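J.: Chains as they are written, first to last, in numbering that gives the first Met the number 0: chain A, 0 to 127; chain B, 0 to 291. Before I ask anything, here is the structure I am working with.
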Amino acid sequence: MSSSGSTYGDIHRYEPARESTAAAIAIVLLTIIEVVFVFLFTFGLISGWGLSDTGNMYLGAVLAVIFIDLAFILALYRKEFLPDVVIVKKRRRKWEDLYIREDEVDGTPFADGAWDHVKRAIYPYYKR
Amino acid sequence: MTESSEEPNAVDRRADPADTDDAADAAESASDTPPSASRTATDAPDSESESDDLEALRREVEETYDFDDFGPADMAEMSLEEWEAAFDPGTWIVGEELLDRVEHELTARVAIREIFAVVERVSDGQDYVVAYSDEGYAVVYADGSVEGEGTVLRDVKPTVALCSMESYDLMEFPADASLPEPEDIVEGSGEFGNLMLQVVAGAQIVVGLGLLIAWIALPSLSTVVAPIAALGFLVIGFFLFLVVANARLSDRFRTEEFRNRLRALDAVDAPRPDVSDRESTAGGTADEEADT
Numbered sequence: 000m001s002s003s004g005s006t007y008g009d010i011h012r013y014e015p016a017r018e019s020t021a022a023a024i025a026i027v028l029l030t031i032i033e034v035v036f037v038f039l040f041t042f043g044l045i046s047g048w049g050l051s052d053t054g055n056m057y058l059g060a061v062l063a064v065i066f067i068d069l070a071f072i073l074a075l076y077r078k079e080f081l082p083d084v085v086i087v088k089k090r091r092r093k094w095e096d097l098y099i100r101e102d103e104v105d106g107t108p109f110a111d112g113a114w115d116h117v118k119r120a121i122y123p124y125y126k127r
Numbered sequence: 000m001t002e003s004s005e006e007p008n009a010v011d012r013r014a015d016p017a018d019t020d021d022a023a024d025a026a027e028s029a030s031d032t033p034p035s036a037s038r039t040a041t042d043a044p045d046s047e048s049e050s051d052d053l054e055a056l057r058r059e060v061e062e063t064y065d066f067d068d069f070g071p072a073d074m075a076e077m078s079l080e081e082w083e084a085a086f087d088p089g090t091w092i093v094g095e096e097l098l099d100r101v102e103h104e105l106t107a108r109v110a111i112r113e114i115f116a117v118v119e120r121v122s123d124g125q126d127y128v129v130a131y132s133d134e135g136y137a138v139v140y141a142d143g144s145v146e147g148e149g150t151v152l153r154d155v156k157p158t159v160a161l162c163s164m165e166s167y168d169l170m171e172f173p174a175d176a177s178l179p180e181p182e183d184i185v186e187g188s189g190e191f192g193n194l195m196l197q198v199v200a201g202a203q204i205v206v207g208l209g210l211l212i213a214w215i216a217l218p219s220l221s222t223v224v225a226p227i228a229a230l231g232f233l234v235i236g237f238f239l240f241l242v243v244a245n246a247r248l249s250d251r252f253r254t255e256e257f258r259n260r261l262r263a264l265d266a267v268d269a270p271r272p273d274v275s276d277r278e279s280t281a282g283g284t285a286d287e288e289a290d291t
């Protein structure tokens with residue numbers, strides 16, 4: 000099977016980035032907004048906008064726009080400008096691989112009865 | 000099914016009691032591959048009484064086992080007769096039609112790059128479908144049995160199980176469904192996105208540095224917000240440059256790796272790669288296997 004050890008890192012699929020026109024336009028606009036707002040924030044901070052109530056709110060809003068815009072840029076970049084790559088990796092053992100019997104597929108009970116559950120929740124070492 | 004004439008073996012096996020072990024094995028592995036060994040009485044309804052018996056047995060089985068909650072333990076409990084009564088192997092697609100379906104489905108899955116393999120239909124005496132890559136192979140026979148090794152086998156097995164089901168609709172695939180040529184894999188896709196990310200990162204770094212210098216130089220700017228924001232911008236800019244560098248570097252390695260793999264596939268030009276063939280052609284992987 001795949002556990003022979005020699006297939007790890009094999010590239011199973013490599014599809015070039017999609018780079019659709021709409022995505023390109025969107026990322027350019029978002030980049031322009033990002034740059035403008037970053038400079039606006041710095042300018043406002045240096046000019047002391049934050050010292051008045053309204054100006055402080057305004058500066059906060061600008062910072063929020065910077066971060067949200069950056070999030071959208073990264074999401075778009077990930078989706079449209081990175082190649083689609085699938086690599087063979089080792090499947091590590093999961094908890095669900097352990098001690099599986101047919102009647103234990105939903106896990107083994109932690110305690111029997113509601114009161115016992117309460118006692119074990121309060122004191123974990125209660126009667127192993 | 001109508002292809003029973005394709006495989007006279009199936010009828011023989013049905014009459015041969017020595018083959019029951021074989022059939023039981025097939026039944027046990029039914030979740031992976033369709034039970035291949037036998038066709039039941041649906042092909043040849045010789046006598047009324049036989050089919051009546053079968054009906055009675057089937058009803059009995061339906062009552063005994065709860066198929067809504069059916070597990071391996073129930074399966075082990077079942078006798079072969081009960082199994083065959085409950086699961087009519089005539090409902091599986093086998094023979095020529097299965098191979099057609101498997102070939103079609105595998106080609107479609109290669110086209111959407113879900114399986115990395117070359118799919119071929121071979122007919123020297125016996126008809127079968129072969130899928131192979133540099134890391135393994137799988138051979139699908141007309142009776143639905145699959146043999147092979149490696150990741151290809153793992154990917155092909157569920158496909159065969161799906162194709163043997165009547166209710167499964169095959170996937171469509173485009174005209175050019177094969178794996179790409181090694182030369183067609185170009186690195187540097189998404190370079191425009193990298194450029195945009197660099198613009199953003201550059202702006203962040205410039206602003207961060209500017210803010211830091213302004214905080215040191217301007218006596219009017221004494222707020223602690225300035226150096227914190229400067230540090231934030233610098234960190235973001237550095238991170239974005241790192242993202243771009245990583246994307247370019249890994250892209251270079253990955254395209255090269257994928258090209259090598261496709262070339263290795265081209266090198267395996269024998270129609271059916273047996274073990275010696277694979278070791279001689281895929282030299283690098285054979286060495287690695289020797290190491291482990």
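Built from N, CA and C at the ideal position, the CB exists for glycine as well. On a predicted model such as this, the values are computed, not experimentally measured, just so you know.
#1: Buried or exposed: where does B:Glu104 fall if 16 or more other Cβ atoms within 10 Å of its Cβ makes it buried?
#2: Since A:Ile86 and A:Gly8 are thought to touch, with beta carbons under 8 Å apart, how far apart are those beta carbons, to the nearest angstrom?
#3: Taking the C-alpha atoms as reference points, what is the distance between A:Glu79 and A:Ala23?
#4: Could you have a look at A:Ile24 and say whether DSSP puts it in helix, strand or coil?
#5: Could you tell me the distance, in whole angstroms, from the CA atom of A:Arg77 to the CA atom of A:Ala70?
#6: Just to confirm, are B:Val60 and B:Ala84 a CB contact at a threshold of 7 Å?
#7: Determine the extent of the beta strand (DSSP E) in which A:Val84 is found, giving its start and end residues.
#8: Nearest CA to the CA of A:Phe40: which residue from A:Ala120, A:Leu62, A:Leu73?
#9: Please report whether the beta-carbon of A:Phe66 lies at a distance below 7 Å from any beta-carbon of chain B.
#10: Is B:Ala239 near B:Leu169, with beta carbons less than 7 Å apart?
#11: So, are the CB atoms of B:Gly231 and B:Ala200 less than 7 Å apart?
#12: In chain A, which residues lie with their C-beta within 7 Å of the C-beta of B:Leu220?
#13: Please tell me whether A:Leu29 and A:Ile72 are closer than 7 Å, where the distance is taken between their beta carbons.
#14: Does A:Ala16 have its Cβ less than 7 Å from a Cβ in chain B?
#15: Hey, is A:Ser2's beta-carbon within less than 7 Å of any beta-carbon in chain B?
#16: Out of curiosity, what's the CA-to-CA distance linking B:Arg260 and B:Arg112?
#17: Between B:Glu49, B:Ala141, B:Gln125, B:Phe115, which lies nearest to B:Leu152 when the distance is taken from Cα to Cα?
#18: On the criterion of 16 or more Cβ atoms from any shown chain inside 10 Å, does B:Gln125 qualify as buried, or is it exposed?
#19: Smallest Cα separation from B:Tyr167: which of B:Val101, B:Ile204, B:Glu148?
#20: Do you know offhand how far B:Ile92's Cα is from B:Glu165's?
#21: Thinking B:Leu98 and B:Tyr127 are a contact (beta carbons under 8 Å), I'd like their distance in whole angstroms, please.
#22: Per DSSP, what kind of secondary structure is B:Val274 in: helix, strand or coil?
#23: Let me check understanding here. Comparing Cα to Cα, which of B:Val242, B:Phe86, B:Ala110 lies closest to A:Glu14?
#24: Could you tell me whether any Cβ in chain A is nearer than 7 Å to the Cβ of B:Met195?
#25: For a contact defined as C-beta to C-beta under 8 Å, what are the partners of A:Gly54 on chain B?
#26: For the structure I just gave you, are there three or more beta carbon pairs, one from the region 132-139 of chain B and one from the region 148-163 of chain B, closer than 8 Å?
#27: Apart from the five residues just before and just after A:Val84, which ones in its own chain have a Cβ nearer than 6 Å to its Cβ?
#28: Express the C-alpha separation of A:Ile65 and B:Val129 in angstroms, rounding to a whole number.
#29: Note down, in chain order, each residue of its chain lying with its Cβ closer than 6 Å to the Cβ of B:Ala225, except the 5 sequence neighbours on either side.
#30: Let's see if you can read the secondary structure: which residues bound the alpha helix (DSSP H) around A:Ala110?
#31: Which partner residues of B:Val117 appear in the DSSP bridge assignment?
#32: Can you find a CB in chain B that lies within less than 7 Å of the CB of A:Arg119?
#33: Could you confirm whether any beta carbon from chain A is found closer than 7 Å to the beta carbon of B:Phe252?
#34: Just list the alpha helix (DSSP H) runs in the region 153-190 of chain B, keeping only unbroken ones of 4 residues or longer that don't cross its boundaries, in chain order.
#35: Taking DSSP's pairing of strands, which residues face B:Glu148 in a bridge?
#36: Can you tell me which of the three DSSP states A:Tyr57 falls into?
T.: In short:
#1: With 16 or more Cβ atoms within 10 Å of its Cβ, B:Glu104 is classed as buried.
#2: 6 Å between Cβ atoms; contact.
#3: Cα to Cα, the separation comes out at about 9 Å.
#4: Helix.
#5: Whole-angstrom Cα-Cα distance: 11 Å.
#6: In this structure, B:Val60 lies near B:Ala84, with their beta-carbon atoms less than 7 Å apart.
#7: Residues 83-86.
#8: Looking at the Cα atoms, A:Leu62 is the closest of the given residues.
#9: Contact with chain B is absent for A:Phe66, since none of that chain's Cβ atoms lies less than 7 Å from the residue's Cβ.
#10: At residue 239 of chain B the sequence reads Leu, which differs from the Ala that was named. No, they are not a contact pair.
#11: Taking 7 Å as the Cβ cut-off, B:Gly231 and B:Ala200 do not qualify as a contacting pair.
#12: Ordered by position in chain A, the residues that pass the 7 Å Cβ test against B:Leu220 are Ile45.
#13: With a cutoff of 7 Å on beta-carbon distance, A:Leu29 and A:Ile72 are scored as near each other.
#14: Yes, its Cβ sits closer than 7 Å to a Cβ of chain B.
#15: Note that A:Ser2 scores a pLDDT of 41, beneath 50, so its modelled location is shaky and nothing firm can be said.
#16: As the crow flies, the alpha-carbon of B:Arg260 is around 14 Å from that of B:Arg112.
#17: Nearest C-alpha to B:Leu152: B:Phe115.
#18: Exposed is the call here.
#19: Ranking B:Val101, B:Ile204, B:Glu148 by Cα distance to B:Tyr167 puts B:Val101 first.
#20: Rounded to whole angstroms, B:Ile92 to B:Glu165 spans 7 Å at the Cα level.
#21: The C-beta separation of B:Leu98 from B:Tyr127 comes to about 7 Å, placing the pair in contact by the 8 Å criterion.
#22: Because the pLDDT at B:Val274 is just 41, under 50, the model does not fix this residue reliably, and the value given afterwards should be weighed accordingly. Helix at B:Val274.
#23: Taking only the C-alpha atoms, the option nearest A:Glu14 is B:Ala110.
#24: For B:Met195, a Cβ of chain A is located within less than 7 Å of the residue's own Cβ.
#25: For the C-beta of A:Gly54, not a single chain B residue is nearer than 8 Å; the gap to the nearest is close to 13 Å.
#26: At 8 Å Cβ cutoff, the stretches touch.
#27: Contacts found: Tyr13.
#28: CA-to-CA, the gap between B:Val129 and A:Ile65 works out to about 54 Å.
#29: The answer, listed in chain order, is Leu210, Trp214.
#30: Segment: none, A:Ala110 is in no alpha helix (DSSP H) and carries neither H nor E.
#31: Partner(s): B:Tyr131.
#32: At a cut-off of 7 Å between beta carbons, A:Arg119 makes no contact with chain B.
#33: So, not an interface residue.
#34: Within the region 153-190 of chain B, there are no complete alpha helix (DSSP H) runs of at least 4 residues.
#35: Beta-bridge analysis with DSSP links B:Glu148 to B:Tyr136.
#36: Looking at A:Tyr57 - three-state DSSP - the assignment turns out to be helix.
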